[in-house]
Every structure is written in structure tokens, then in C-alpha cells.
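Asks:
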Amino acid sequence: MSGILYVTGTPIGNLSDLSPRAVETLESVDFIAAEDTRVTLKLLNHFGIKKPMVSYFEHNKRERGEIICARIEQGENCAIVTDAGMPCISDPGEDLVKLCEERGIKTVVIPGPSAVISALAVSGLSTGRFTFEGFLSVNKKSRSDHLKSLANEHRTMIFYEAPHKLPQTLRDLYASFGDRKLTIVREITKIHEEVIRTTTKNAAENLSDGSVKGEIVLVLEGAPQIDDTEEFTLEYAVETAKKLIENGARATDAAKEAAALTGFKKNEIYKELI
Numbered sequence: 001m002s003g004i005l006y007v008t009g010t011p012i013g014n015l016s017d018l019s020p021r022a023v024e025t026l027e028s029v030d031f032i033a034a035e036d037t038r039v040t041l042k043l044l045n046h047f048g049i050k051k052p053m054v055s056y057f058e059h060n061k062r063e064r065g066e067i068i069c070a071r072i073e074q075g076e077n078c079a080i081v082t083d084a085g086m087p088c089i090s091d092p093g094e095d096l097v098k099l100c101e102e103r104g105i106k107t108v109v110i111p112g113p114s115a116v117i118s119a120l121a122v123s124g125l126s127t128g129r130f131t132f133e134g135f136l137s138v139n140k141k142s143r144s145d146h147l148k149s150l151a152n153e154h155r156t157m158i159f160y161e162a163p164h165k166l167p168q169t170l171r172d173l174y175a176s177f178g179d180r181k182l183t184i185v186r187e188i189t190k191i192h193e194e195v196i197r198t199t200t201k202n203a204a205e206n207l208s209d210g211s212v213k214g215e216i217v218l219v220l221e222g223a224p225q226i227d228d229t230e231e232f233t234l235e236y237a238v239e240t241a242k243k244l245i246e247n248g249a250r251a252t253d254a255a256k257e258a259a260a261l262t263g264f265k266k267n268e269i270y271k272e273l274i
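Under full-length UniProt numbering, think of the first position of the sequence shown as 1, with each following residue one higher.
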């Protein structure tokens, strides 16, 4: 009889956040698939748990995924964990769950801490609708395309970011979205946890010097909702485009975004700009 894959959430900082159910699961499974076995070993030692582990991460997920599934099909139960938080969220565990689905292996979730939800909850921004955008690419074109695709996103946006890339990302957010509310949440549940409620303009000008350290989650205000019954003038559309240009947008892109917001034709706005 086939076993079960338990998708098990682990603490994102404070070890006390590991739930009793997660402890019970880690104690009862036959083996644990871990992103970094050294990190998981510290967690297991803290709770006095001794279990065999296999490493499962981005660069070995294809080979190890097959091995893990084969063992589960032979009747073993496995818990998959990431270094911190919920597996499968910006994590190769997503591929293992898909592989289990393809092979008819049962998966059970053991909920745990999530940096995405935790940061959103304390952001002070709208939580009714939101979109998780993960990490921005280091490739300039991919990053630019990603940000452009979000120009008219009305939902609150959440990004992960590494501290060494944060300065450029803060500048890119201001250039792409203009001045909006931004909450920077760092070191969630850890000793130096901090919630910085600011704006993209202030962050780009005052926080992009590399002084903000630690694990970072960025929560960005969505584009303002436009009342469809509101009437806009061409003058307003041109002024909107000019503000976008001041924030770093190209004239053609500014005209396109202003057109989408006001209903005027892109060429009409662009002609007034030049």
C-alpha cells in the first residue's frame, strides 16, 4: 500500500512556532526530504527527533523526486520541509507535489508559518485581495517585463527579496510604480524583526544604501481603482504621463499606461508629450 507525502511547514525564525501536529508528523514519518539537511537537523535536534533525511533542492529535484516517490509507493511515509516556512512556496517542493499528483500519491498538508501571509498581515495595506510575485529576476529584461506586467495591478503585491539585491529593487519599484505605499518586513519572528511602513519614493531615496539587512518581504500598494463613471480630460492624461516619466518611465510606456487609466488613445497622449 502506498504511503503519504506530508507537506510540512517549519518555523521561519522562532522555533516555538513549530506546531504540535508538525512535531508529531516529523516523529512518525519514515524519512524527511529536506532542502538543506544541516538546517533541518538543527530543528530536529531541538525537538529530540531522530529521522533519516534525503536532500531535495533545486538542482537535484528531478533525480531525488523519482527516488522519493518510489519509496512512498513502496509504503513509506515522507515529510517534505523547506529551510523556513511552507514548502512549495517559491520552493522546489512544488515539483515534488506535482510528481506525486501524476503518480497518484496522496499528499497531506501540515500548515505552518508563511512569510507571505505574516508580512501581509502586519503591512497595514489592503489584505482583501493580493498577489504573491516571488523573487524578481536578476536578469534586467525579465525583471523589467515582470514589473511592467504589474503596472495596472490593483491588488496588493508581495515580493521576496535578498538583502544584497534590495537597494536596486527599491529603486526599480519607485521607477516602475511611482510613489506608492510600501511596507518592508524583515527578519519575521526573529530577534531583529522590523516592520518599516514607508513609500516607494522614500525607500528608494533613503533605504537603498544597503543598510536594511536580513530576510526581506516587500508589500506594495496596488494601483488605485479608477471609477469607470469618472470623466478624464486629455490634459489630465498628459499630466499623468508626465509624472510617470519623472519617475523614470519612457515616454511611450508612460503614454500607454496613461491611456489605459484614462481611456484616451496612446498616440493622442504621446503627441502632446513631444
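Quick reminder that beta carbons are idealized off the backbone N, C-alpha and C, glycines included.
Please read all numbers here as calculations on a predicted model, not as lab measurements.
Provide the residue span of the alpha helix (DSSP H) that contains Gly93, from first to last.
Replies: Gly93 to Arg103
Asks: Could you check where the alpha helix (DSSP H) with Ile80 kicks off and where it finishes?
Replies: Looking at the DSSP string, Ile80 is not in any alpha helix (DSSP H); the run it does join, the beta strand (DSSP E), is Cys78 to Val81.
Asks: Is DSSP giving Leu18 helix, strand or coil here?
Replies: coil
Asks: Could you tell me the alpha carbon to alpha carbon distance between Phe57 and Lys98, rounded to whole angstroms?
Replies: 15 Å
Asks: Please identify the residue among Val122, Leu218 and Glu35 whose C-alpha is closest to the C-alpha of Glu133.
Replies: Checked all of Val122, Leu218 and Glu35; the closest Cα to Glu133 is Leu218.
Asks: Could you spell out the range, first to last residue, of the alpha helix (DSSP H) harbouring Lys140?
Replies: Lys140 to Ser149
Asks: Does the beta-carbon distance from Ala151 to Tyr174 come in below 7 Å?
Replies: no
Asks: Would you call Leu15 buried or exposed, if buried means 16 or more other Cβ atoms sit within 10 Å of its Cβ?
Replies: exposed
Asks: Roughly how many angstroms separate the alpha carbons of Asn247 and Gly85, rounded to a whole number?
Replies: One C-alpha to the other measures close to 35 Å.
Asks: Indicate whether the contact test is met: 3 or more Cβ pairs, each with one atom in the stretch 2 to 17 and one in the stretch 76 to 93, closer than 8 Å.
Replies: yes
Asks: Based on the DSSP output, what are the partners of Phe159 in its beta bridges?
Replies: Leu218
Asks: According to DSSP, is Thr127 helix, strand or coil?
Replies: Looking at Thr127 - three-state DSSP - the assignment turns out to be coil, as it is neither helix nor strand.
Asks: How big is the Cα-Cα spacing for Pro113 and Gly124?
Replies: 19 Å
Asks: Alpha carbon to alpha carbon, how far is Val238 from Arg197?
Replies: 31 Å
Asks: Here's a check: name, in chain order, each residue in its chain whose Cβ is nearer than 6 Å to the Cβ of Thr37, leaving out the five neighbours to either side.
Replies: Here the set comprises Met53 and Ser55.
Asks: Could you spell out where the alpha helix (DSSP H) holding Ser176 opens and where it closes?
Replies: Leu166 to Phe177
Asks: Can you tell which of Leu18, Glu194 and Asp30 has its C-alpha closest to the C-alpha of Ser2?
Replies: Measuring from the Cα of Ser2, the nearest candidate turns out to be Asp30.
Asks: What are the start and end residues of the beta strand (DSSP E) that includes Tyr6?
Replies: Ile4 to Thr8
Asks: For Phe132, which residues does DSSP report across the bridge?
Replies: When DSSP reads this structure, Phe132 sits in a beta bridge with Ile158.
Asks: Specify the secondary structure class of Ala223 as computed by DSSP and reduced to three states.
Replies: coil
Asks: Do residue 332 and Ile216 have their CB atoms nearer than 7 Å?
Replies: Residue 332 lies beyond the stretch modelled for the chain, which goes from 1 to 274, so this question has no answer here.
Asks: Between Arg155 and Thr131, which are expected to be in contact by the criterion C-beta below 8 Å, what is the C-beta distance as a whole number of angstroms?
Replies: 5 Å
Asks: At a threshold of 6 Å, does Lys165 count as lining the ligand ZN (C-beta to nearest heavy atom)?
Replies: Absence of the ligand ZN from the depicted structure is noted, as is the absence of any ligand whatsoever, leaving it without description.
Asks: State the start and end residues of the unbroken beta strand (DSSP E) segment that holds Ser55.
Replies: Run containing Ser55: Met53 to Ser55, per the beta strand (DSSP E) assignment.
Asks: To the nearest angstrom, how far is the alpha carbon of Thr199 from that of Ser176?
Replies: 13 Å
Asks: Please classify Val195: does DSSP put it in a helix, a strand, or coil?
Replies: strand
Asks: Under 7 Å between the Cβ atoms of Ser208 and Pro167?
Replies: yes
Asks: According to DSSP, is Ile188 helix, strand or coil?
Replies: coil
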